[in-house]
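Q: Below you'll find the structure I mean.
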Amino acid sequence: MFKTLLSTFDSPCVGGFSDVYLMDDRAIKIISDADMDDVAEECRVQSVAAEHGLAPRIHSIAQSHSNEAIIVMDRVPGTYVNYGVSNSMSPTLLSDLPLHQALIGLELYCKLLSVGVLHADFHSGNWAHEPH
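Numbering (this note's numbering), first residue to last: 1432 to 1563.
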């Protein structure tokens, strides 16, 4: 039901484990069949990264009646890529990217490590940057 209400908003990232909807300056991430303990831990780690300007700030976390996690966070400026489940542009490991893009990802990963965040699923579908 909640996804039906959100369908009137821009949905740039649908597919995989979650859907993201954009509403003004917020992004709403919906995770189906969510383990709320795992979601809470992921949000805690993201909040640490956000304190250092390395991730969007989380505003609220809730659970729907149909066991979906609903996470409201700051919208990341820039272009969103909708990978979708059938798109051939699936998220890529750093080693699969062109060198200049891999170095940008590596720099971000080093910044995360320096503030105590170990990202266990670091691929290009899980990070964004402003093009220079």
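Ideal placement from N, C-alpha and C gives every residue a C-beta, glycine not left out. Every value quoted in this text rests on a predicted model; they were computed, and no experiment measured them.
1. With distances taken from CA atoms, which of Thr-1523, His-1483, Ile-1501 is nearest Ile-1459?
2. Straight-line CA distance for Gly-1515 to Phe-1448?
3. Would Ser-1495 and Val-1503 be called neighbours here (beta carbons separated by less than 7 Å)?
4. Would you kindly work out how many angstroms separate the C-alpha atoms of Ser-1497 and Ser-1463, rounded to a whole number?
5. Considering only residues of the same chain and omitting the five flanking positions on each side of Glu-1499, which have a CB-CB separation below 7 Å?
6. Out of Ser-1555, Asp-1552, Val-1507, Asp-1527, which one is the CA nearest neighbour of Met-1454?
7. Mind checking Gly-1536: buried by the 16 CB within 10 Å criterion, or exposed?
8. Determine the direct distance from the alpha carbon of Thr-1523 to that of Ala-1486, and round the result to whole angstroms.
9. Which of the three DSSP states, helix, strand or coil, is assigned to His-1531?
10. Express the C-alpha separation of Val-1548 and Glu-1473 in angstroms, rounding to a whole number.
11. I'd like to confirm the pairing. Which residues does DSSP put opposite Arg-1450 in its beta bridges?
12. Indicate the three-state DSSP secondary structure (helix, strand or coil) for Ser-1495 in the structure shown.
A: To lay it out plainly:
1. Here residue 1459 refers to the residue found at position 28 of the sequence shown. Measuring from the Cα of Ile-1459, the nearest candidate turns out to be Ile-1501.
2. One-based indexing of the sequence shown puts residue 1515 at position 84. One-based indexing of the sequence shown puts residue 1448 at position 17. Per-residue confidence for Gly-1515 stands at a pLDDT of 48, beneath the threshold of 50, marking its modelled position as unreliable; no derived number is given.
3. The residue labelled residue 1495 in the question sits at position 64 within the sequence shown. The residue labelled residue 1503 in the question sits at position 72 within the sequence shown. In this structure, Val-1503 does not lie closer than 7 Å to Ser-1495 by Cβ.
4. Reading the sequence shown from its first residue, position 66 is the one you call residue 1497. Reading the sequence shown from its first residue, position 32 is the one you call residue 1463. Roughly 8 Å between the two C-alpha positions.
5. Here residue 1499 corresponds to residue number 68 of the sequence shown, with the count starting at 1. Excluding positions up to five away in sequence, the list reads Phe-1433, Ile-1461, Ile-1462, Ser-1463, Ala-1465.
6. Against the sequence shown, residue 1454 aligns to sequence position 23. Checking every option, the nearest Cα to that of Met-1454 belongs to Val-1507.
7. Taking the sequence shown and counting its residues from 1, the one referred to as residue 1536 is at position 105. Gly-1536 comes out buried.
8. Residue 1486 sits at position 55 when you count from the first residue of the sequence shown. Residue 1523 sits at position 92 when you count from the first residue of the sequence shown. Cα to Cα, the separation comes out at about 19 Å.
9. Along the sequence shown, one-based indexing puts residue 1531 at 100. Correct three-state label for His-1531: helix.
10. What you label residue 1473 is simply residue 42 of the sequence shown in a count that begins at 1. What you label residue 1548 is simply residue 117 of the sequence shown in a count that begins at 1. Each residue's alpha carbon lies about 11 Å from the other.
11. The count along the sequence shown starts at 1 and reaches residue 1450 at position 19. Residue identity check: residue 1450 is Asp in the sequence provided, not Arg. Partner(s): Ile-1461.
12. Taking the sequence shown and counting its residues from 1, the one referred to as residue 1495 is at position 64. Coil at Ser-1495, not helix or strand.
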